[in-house]
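All residue numbers for the sequence shown refer to this note's numbering, where the first residue is -12 and numbers rise by one. Even for Gly, the Cβ is constructed at its ideal location relative to N, Cα and C. Here the structure is laid out as structure tokens; the discussion comes afterwards.
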Amino acid sequence: MNTLNKLTPGENISVIARVLNKPGSQTVRDKKLIKLKVGDSANIANLVAWAPMHKKILKLNLDKGDLVEIKLGSCPKSHKTTNRPPTITVNPNTILKKISLKNFPSVEECMGIKFLDELEDYRYASARVFISSIYNTVVYFCEKCKKFSEKMCDCGNFPDAIFSISGIFSDGTRTIPFTTLTEDVAEKMTNSKKPGAEKINVKILMEHPFTLFGYLRNEHFYVEDVIEDDFYGAMKGVGSFTKEDEYDIE
């Protein structure tokens, strides 16, 4: 068996991992999708199953804290050239089995805070950081052209404003640029709502540390959640769906 730090886009993996949250489901483009996070001492990954493969997960009735053996899960080849998070996809050859083991890392240990200089590409982590600068609090996306733009796109369209925090943070071991992945995360980080995004006093964000959960891709940290004090008990937000999930269809 491998460990999750061996997860590589375009390759299969067999691994034993701890279930970190209760599986969530939704329908994307008329296809059923089940997603949960699994982890070990080396990394965390999304375990994703599209219909009809989602039945393999449903059959196990997995819950937070369970151990699951994954044989021949596939890591999407498309992740080689995109900034997608660590992911294992259930395919027709994948075998899933609920097991019991002694001395396997607990949920808390899998989610433990790591130093940034320990973090490698295509890895999830929780990190305790200080923000040193902010680039943006709002970005603009043109639905017509399907690209990010200025307040007015080259096509003449007024793009949608997206509440998104981008900047640089450090934990003393390493300095990395970061971006929040959803508007919910931006709201949680700033304690502000989208209508006030452009008026945020960014200096306030630099006055205290944040514990952030996310993943590293190409020397950039993508923030999926701002961890609250009770995150070990609640795991709020971790494993939730974002609009980008629909692009994992292959």
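*asked:* Can you find the residues in the same chain that come closer than 7 Å, C-beta to C-beta, to methionine -12, ignoring five residues on each side of it along the sequence?
replied: By 1-based counting over the sequence shown, the position of residue -12 is 1. Excluding residues within five positions, the ones whose Cβ falls inside 7 Å are Ser1, Val2, Ile3.
Item to complete: Starting from alanine 173, trace the alpha helix (DSSP H) both ways and give me its first and last residue.
Response: Locating residue 173 in the sequence shown gives position 186, where the first residue counts as 1. Where alanine 173 is concerned, the enclosing alpha helix (DSSP H) stretches over 170 to 177.
| task | Output the distance between the C-alpha atoms of alanine 38 and leucine 23, rounded to the nearest integer angstrom. | result | In the sequence shown, counting from the first residue as 1, residue 38 sits at position 51. In the sequence shown, counting from the first residue as 1, residue 23 sits at position 36. Roughly 15 Å between the two C-alpha positions.
Q.
Just to confirm the assignment: which complete alpha helix (DSSP H) runs, minimum length 4, are found wholly within the segment 24 to 95?
A. 41 to 47
Requested in this report: Could you pull out every unbroken beta strand (DSSP E) segment of at least 3 residues lying fully inside the segment 89 to 143, listed in chain order?
Outcome: 110 to 129, 134 to 136
DSSP three-state assignment for asparagine 205, whether helix, strand or coil: The count along the sequence shown starts at 1 and reaches residue 205 at position 218. Coil.
Anyone know if the C-beta pair for arginine 115 and phenylalanine 197 falls short of 9 Å?
For the purposes of this step, residue 115 is identified with residue 128 of the sequence shown, where counting begins at 1. For the purposes of this step, residue 197 is identified with residue 210 of the sequence shown, where counting begins at 1. A contact, by the Cβ cut-off of 9 Å.
In DSSP terms, what glycine 154 is bridged to
Against the sequence shown, residue 154 aligns to sequence position 167. Its beta-bridge partners are Ile121, Phe165.
(request) Work out the CA separation of isoleucine 214 and lysine 186 for me, nearest whole Å. (result) Counting from one through the sequence shown, the residue named residue 186 turns up at place 199. Counting from one through the sequence shown, the residue named residue 214 turns up at place 227. Computed Cα separation, rounded: 24 Å.
### Query
With a Cβ-Cβ cutoff of 9 Å, do tyrosine 209 and alanine 112 count as a contact?
The residue given as residue 209 occupies position 222 in the sequence shown. The residue given as residue 112 occupies position 125 in the sequence shown. Taking 9 Å as the Cβ cut-off, tyrosine 209 and alanine 112 do not qualify as a contacting pair.
Counting C-beta neighbours from all protein chains within 10 Å, is the total for glycine 11 16 or more, i.e. buried, or is it exposed?
In the sequence shown, the residue the question calls residue 11 occupies position 24. With fewer than 16 other Cβ atoms within 10 Å, it is exposed.
message = Taking 9 Å as the threshold (C-beta atoms), are threonine 162 and isoleucine 152 in contact?
response = Start at 1 with the first residue of the sequence shown, and residue 152 comes out as number 165. Start at 1 with the first residue of the sequence shown, and residue 162 comes out as number 175. Not a contact, by the Cβ cut-off of 9 Å.
* Can the beta-carbon of arginine 110 be found closer than 9 Å to that of asparagine -1? -> Against the sequence shown, residue 110 aligns to sequence position 123. Against the sequence shown, residue -1 aligns to sequence position 12. Contact flag unset, no.
Subject >> Environment of histidine 195 [buried if 16+ CB atoms lie within 10 Å] >> reply: The count along the sequence shown starts at 1 and reaches residue 195 at position 208. Counting Cβ neighbours within 10 Å, histidine 195 comes out exposed, since fewer than 16 surround it.
Review point. Do the CB positions of serine 117 and aspartate 53 come within less than 9 Å of each other?
Key: Counted from its first residue, the sequence shown places residue 117 at position 130. Counted from its first residue, the sequence shown places residue 53 at position 66. Here residue 117 is phenylalanine; the residue named in the question, serine, does not match the sequence. No, the pair does not count as a contact, with Cβ atoms beyond the cut-off.
**Q.** Cβ contact (3+ pairs, closer than 8 Å) linking the segment 73 to 91 and the segment 29 to 45
**A.** yes
field: Beta bridge counterpart(s) of arginine 5 as assigned by DSSP
entry: For the purposes of this step, residue 5 is taken as residue 18 along the sequence shown, with counting starting at 1. Arginine 5 is bridged to Gly26, Leu54.
Can you find the residues in the same chain that come closer than 6 Å, C-beta to C-beta, to aspartate 104, ignoring five residues on each side of it along the sequence?
Against the sequence shown, residue 104 aligns to sequence position 117. Contacts found: Thr160, Arg161.
Checklist entry - How about leucine 192 and isoleucine 121: do their beta carbons lie closer than 9 Å? => result Mapped onto the sequence shown, residue 192 falls at position 205. Mapped onto the sequence shown, residue 121 falls at position 134. Result yes, Cβ atoms of leucine 192 and isoleucine 121 sit closer than 9 Å.
- In terms of alpha-carbon separation, which member of Phe150, Gly154, Ile149, Lys131 lies closest to glycine 143? Locating residue 143 in the sequence shown gives position 156, where the first residue counts as 1. Taking only the C-alpha atoms, the option nearest glycine 143 is Lys131.
Notebook entry, point to check: Could you give the residue range of the beta strand (DSSP E) that holds cysteine 14?
Noted result: As a first step, residue 14 must be located in the sequence shown, where it is residue number 27. The sequence given here has threonine at residue 14, not cysteine. Looking at the DSSP string, the run of the beta strand (DSSP E) that includes threonine 14 is 11 to 15.
Task: Assigned secondary structure, glutamate 211 (DSSP; H/G/I helix, E/B strand, else coil) - done: Numbered from its first residue, the sequence shown carries residue 211 at position 224. Residue state, collapsed to three classes: strand.
Helix, strand or coil: which one does DSSP assign to leucine 199? Taking the sequence shown and counting its residues from 1, one reaches residue 199 at position 212. Strand.
*Among Ala148, Phe145, Arg5, Thr124, which one has its Cα closest to the Cα of isoleucine 155?*
Your numbering for residue 155 matches position 168 in the sequence shown. Taking only the C-alpha atoms, the option nearest isoleucine 155 is Thr124.
Under a Cβ-count criterion, where at least 16 other Cβ atoms within 10 Å of its own Cβ denotes burial, should threonine 74 be classed as buried or exposed? Here residue 74 is taken as the residue at index 87 of the sequence shown, counted from 1. Buried, by the Cβ-count rule.
Requested in this report: Would you mind working out which of Glu206, Leu7, Thr(-5) sits nearest methionine 98, comparing C-alpha positions?
Outcome: Residue numbering aside, residue 98 sits at position 111 when the sequence shown is read from its first letter. Residue Leu7 is the option with its Cα nearest to methionine 98.
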